[in-house]
Amino acid sequence: MSLFLLGASYKSAPLPVREALAITPDDVTLCAEALLRERGIDEVVILSTCNRTELYVNAQTDRLAHQALVALCTARLVQAKRGFAESPAWLIENYCYEKRGMEVVSHLFSVVCSLDSMVLGEAQILGQTKRAFEMAELHKTCSEVLSRLFKTALSVGKRARSETAIGSDCVSMSTSMMHIAREHCSALQDASCLVLGAGEMAQLSLRYLLQAPVKTIYVASRHYAHAQQVVEQLKADMRTSAVGTADAEMADAGTDGAGTPTAGMADVGTDGAGTRQSTTPTVLQAIDFADRYSYIAQSQLVMSMTRASSFIIAAEELEMARNAHHTAENPTSDDPLVLIDAAIPRDIDPACASLPGVQLFDTQHVQHVVDAGLSARMEAVGAVEKLIEEAQSEFLAWMQERSVTPTIKEMYEKGSVVVDRELKRCIKSFENARGQKLSSDECQLLELYGEAIVKKLLHGPTARLRKEAHTSASFYYTVSARYLFGLDTNPPGSGCPHCAHPTCLEGKGCSKRQNCETLQQVGARSAEGVAR
Numbered sequence: 271m272s273l274f275l276l277g278a279s280y281k282s283a284p285l286p287v288r289e290a291l292a293i294t295p296d297d298v299t300l301c302a303e304a305l306l307r308e309r310g311i312d313e314v315v316i317l318s319t320c321n322r323t324e325l326y327v328n329a330q331t332d333r334l335a336h337q338a339l340v341a342l343c344t345a346r347l348v349q350a351k352r353g354f355a356e357s358p359a360w361l362i363e364n365y366c367y368e369k370r371g372m373e374v375v376s377h378l379f380s381v382v383c384s385l386d387s388m389v390l391g392e393a394q395i396l397g398q399t400k401r402a403f404e405m406a407e408l409h410k411t412c413s414e415v416l417s418r419l420f421k422t423a424l425s426v427g428k429r430a431r432s433e434t435a436i437g438s439d440c441v442s443m444s445t446s447m448m449h450i451a452r453e454h455c456s457a458l459q460d461a462s463c464l465v466l467g468a469g470e471m472a473q474l475s476l477r478y479l480l481q482a483p484v485k486t487i488y489v490a491s492r493h494y495a496h497a498q499q500v501v502e503q504l505k506a507d508m509r510t511s512a513v514g515t516a517d518a519e520m521a522d523a524g525t526d527g528a529g530t531p532t533a534g535m536a537d538v539g540t541d542g543a544g545t546r547q548s549t550t551p552t553v554l555q556a557i558d559f560a561d562r563y564s565y566i567a568q569s570q571l572v573m574s575m576t577r578a579s580s581f582i583i584a585a586e587e588l589e590m591a592r593n594a595h596h597t598a599e600n601p602t603s604d605d606p607l608v609l610i611d612a613a614i615p616r617d618i619d620p621a622c623a624s625l626p627g628v629q630l631f632d633t634q635h636v637q638h639v640v641d642a643g644l645s646a647r648m649e650a651v652g653a654v655e656k657l658i659e660e661a662q663s664e665f666l667a668w669m670q671e672r673s674v675t676p677t678i679k680e681m682y683e684k685g686s687v688v689v690d691r692e693l694k695r696c697i698k699s700f701e702n703a704r705g706q707k708l709s710s711d712e713c714q715l716l717e718l719y720g721e722a723i724v725k726k727l728l729h730g731p732t733a734r735l736r737k738e739a740h741t742s743a744s745f746y747y748t749v750s751a752r753y754l755f756g757l758d759t760n761p762p763g764s765g766c767p768h769c770a771h772p773t774c775l776e777g778k779g780c781s782k783r784q785n786c787e788t789l790q791q792v793g794a795r796s797a798e799g800v801a802r
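All you need for this note's numbering is the position in the sequence shown, starting with 1, plus 270.
What follows is the structure, given as structure tokens:
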């Protein structure tokens, strides 16, 4: 068993590389299943957000994991056709990171606790990780090890938010976009706004816009039904006053998908003096995605976050739409238009920024939004790191004990086989001596005594084996037990001192040393060392 991670994030890779490596929700399962078809890959979970793409695998060896993940990333870089001057191999080596074993565990826990996020303490990553894990479970691309890893990660992520101040006064991606909108839209209350997308970030942004409020909100998605569903839900919330109160703001707009409130909302729905504004826009309407340019032309603010594989707003089409609109309505075509592109890959052609009156902001700009509560959250980092250390120790203990579990199980199974065989002989001897068969109650009593003897005899050895599982000598104790109890093969996942990340299979060898000693040789030598 070998935990392995290959990833790229806003810290390691420029935006064009992250765009090329990004995996859309529709492709996540296809990529995971493709990896599972590769030799030696047993489990896969893919976490792909606007700021990172990370491939988590449980493989038989590090080498096999590396080969499979690099092959997938190479294929995606080639298919992206971004015109990189460098080769895919160079891009992966210089912009991606690899982690192995407990490094994977530590990294995932830091990610879920938002210590590795663009905005320290942001809450969305917890919900995003939860959905990535749920997708893997739904399509059965993960099982025992990665399931335990991600469940532990989600647990520590929730504890970090509930037990520390890591999420206090946090400006998320959605609230950061609202800050940009307020700063660059001179009359936001009178503005018309188009939101492209119907996912979690789009829904959060819509709720923030409702609380701003803006005059008109249009919603478009590549699937009209999705946009209509979001609009109907928002209208239902408005009718039941779920939007527009401070409590609802925390309950509906500021959740992370895992039920944790997101702070940083204090100025989103107020007039600057702390007064809550009206939340009913003049228009809240779903529109056809194909009509997006005509609605952009009459809008002052566009927020886009569709996760499309290519640009959905092209500079040439945008210019034509704005010119056509302004020719009909008024003589000027340079009315201010703020475009906020929160998608990875980008939704909006960067050339749009050169059009008259157009201001374009992408995730790089969002990163630079001032985070007023950063100091309080920085002070909480130490407390979160302690929670992560506890969770790491818990997971490591589980992994170590798991490595001896097959051996302990086989010891009891062998003990039961021996007892069953000897009981049959014993019962036969009794019956021959008495000249009649034993009753079922007598046979059951003997069986109970036999089971008790097995448990008594094996309790000490198995308890010590579990204890030693947490030490560096675990491999030798396990092999010694298997040798002494006549268990012929080394179960997959058992530790090997020759491997940085143990993967000995059937006692025949490992990824680091092809000429491993046979189980009998190691067992005999280990038994001698333990005896001394």
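C-beta: ideal position from N, C-alpha, C; glycine also.
Exercise. Which residues bound the beta strand (DSSP E) around SER446?
Worked result: Looking at the DSSP string, SER446 is not in any beta strand (DSSP E); the run it does join, the alpha helix (DSSP H), is 443 to 454.
Exercise. Exposed or buried, what is LEU247 when buried is set at 16 or more other beta-carbons lying within 10 Å of its beta-carbon?
Worked result: Since the first and last residues shown for the chain are 271 and 802, residue 247 lies out of range.
For this session: Could you check the C-alpha separation between ALA332 and ARG309 for me, to the nearest Å?
Result: Residue identity differs from the one stated: residue 332 is Asp in this sequence, not Ala. Between ASP332 and ARG309, the C-alpha separation is close to 12 Å.
For this session: Compare the beta carbon distance of VAL636 and LEU607 with 9 Å and say whether it is the shorter of the two.
Result: no
For this session: Can you check the segment 690 to 729 for any alpha helix (DSSP H) of at least 4 residues that lies completely inside it and give the ranges in chain order?
Result: none
Exercise. So is GLU392 buried or exposed if we call it buried at 16+ other beta carbons inside 10 Å?
Worked result: buried
Exercise. If we count the other Cβ atoms within 10 Å of its Cβ and call it buried at 16 or more, is SER624 buried or exposed?
Worked result: exposed
For this session: With DSSP as the reference, label GLY469 as helix, strand or coil.
Result: coil
For this session: For my contact list, ALA847 and CYS320 are in at a C-beta cut-off of 8 Å; report their separation, rounded to the angstrom.
Result: In the structure displayed, the chain extends from 271 to 802; residue 847 sits before or after that span and is not available.
Problem set entry | Span of the beta strand (DSSP E), counted from its first residue to its last, around ILE614 | Note, ILE614: premise wrong, no beta strand (DSSP E); not H, not E.
Exercise. Exposed or buried, what is ASN364 when buried is set at 16 or more other beta-carbons lying within 10 Å of its beta-carbon?
Worked result: exposed
Problem set entry | DSSP beta-bridge partners of ILE311 | ALA329
Exercise. Would a C-beta distance cut-off of 9 Å place VAL689 and VAL724 closer than the cut-off?
Worked result: yes
Exercise. How about LEU408 and ASN328: do their beta carbons lie closer than 9 Å?
Worked result: no
Problem set entry | Contact check, ARG616 vs GLU289, beta carbons under 9 Å | yes
For this session: Examine the Cβ distances between the segment 462 to 473 and the segment 483 to 499 and report whether three or more of them are shorter than 8 Å.
Result: yes
Problem set entry | Pairwise C-alpha distance: ASP632 and CYS455 | 16 Å
Exercise. Helix, strand or coil for TYR280 per DSSP?
Worked result: coil
Problem set entry | Endpoints, alpha helix (DSSP H) assigned at GLN398 | 394 to 408
Exercise. For the putative contact between PHE665 and VAL315, defined by C-beta atoms under 8 Å, what is the C-beta separation to the nearest angstrom?
Worked result: Not confirmed; about 15 Å, so no contact.
Exercise. If you count every other CB in all the chains shown that lies within 10 Å of the CB of MET648, and 16 or more means buried, which is it?
Worked result: exposed
Problem set entry | Cα-Cα separation, LEU571 to ALA621 | 17 Å
For this session: Determine the extent of the beta strand (DSSP E) in which MET573 is found, giving its start and end residues.
Result: 571 to 574
Exercise. Are there 16 or more other CB atoms within 10 angstroms of the CB of ARG307, so buried, or fewer, so exposed?
Worked result: exposed
Exercise. Quick one, which of SER462, GLN555, THR486 has its alpha-carbon nearest GLN503's?
Worked result: GLN555
Problem set entry | Segment limits, beta strand (DSSP E) that includes LYS428 | It is not in any beta strand (DSSP E) - LYS428 instead sits in the alpha helix (DSSP H) that spans 414 to 433.
For this session: Determine the DSSP secondary structure at CYS343, reduced to helix, strand or coil.
Result: helix
For this session: Please name the residue, chosen from ALA335, LEU339, ARG322, that lies closest to CYS301 on a Cα-to-Cα basis.
Result: LEU339
Problem set entry | Local Cβ density within 10 Å of GLN330, reported as buried at 16 or more and exposed below that | buried
Problem set entry | Identity of the residues DSSP links to LEU317 by a beta bridge | GLU324
Exercise. Using 8 Å as the Cβ pair cut-off and three pairs as the minimum, do the segment 582 to 597 and the segment 558 to 566 touch?
Worked result: yes
Exercise. Using a beta-carbon distance below 9 Å, is PRO284 in contact with chain B?
Worked result: Here there is only one protein chain, and chain B is not present.
For this session: Express the C-alpha separation of VAL501 and MET447 in angstroms, rounding to a whole number.
Result: 20 Å
For this session: Label GLN473 either buried or exposed according to how many other C-beta atoms from any shown protein chain fall within 10 Å of its C-beta, with 16 as the threshold for buried.
Result: buried
Problem set entry | Counted within 10 angstroms of its Cβ, other Cβ atoms place GLN398 as buried (16 or more) or exposed | buried
Exercise. Are the CB atoms of ALA423 and PHE379 nearer to each other than 9 Å?
Worked result: yes
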